[in-house]
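So in the numbering used here, spot 50 of the sequence shown is number 50, and the numbers just go up one at a time. Every residue gets a Cβ at the ideal spot worked out from N, C-alpha and C, and that includes glycine. In this text the structure is predicted, and so the values were computed from the model without any measurement.
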Amino acid sequence: EICQYITDLCESARRQRGMLHSISARAAIALMRASQAVAFLEGNPAVFPEDVKRIVGPVFSHRLALGDGFDGGANSSSGLIEEILRETKVP
């Protein structure tokens, strides 16, 4: 389920309008590894959606290039990441 959640987050990012380029498959791998690290540091026996949500910003933010057509809430990568999290169903 957590792998599907990460895949869904990546697909949601790819569907966003007004971006010059989006995240790649390597970003999904990086998000999974970072989520595993967060879970480990928190003492969790497995990766939970909260672990993914906690680290998605730092993992995705530098991978998103926003174009002039982006009309997000904060008009920044953090606004876009918030939108991605809002529209992606949590398992």
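In whole angstroms, give me the CA-to-CA distance for Y5 and S12.
When rounded, the distance between both Cα atoms is 10 Å.
What span of residues does the alpha helix (DSSP H) with I84 cover, start to end?
S77 to E87
Residues in the same chain with beta-carbon distance under 6 Å from V38, minus the five sequence neighbours each way, listed in chain order, please.
D51, R54 and I55
CB L64 to CB L85, shorter than 8 Å?
no
Please list, in chain order, all residues of the same chain as V47 whose beta carbon is under 7 Å from its beta carbon, the five residues on each side excluded.
I2, S35, Q36 and A39
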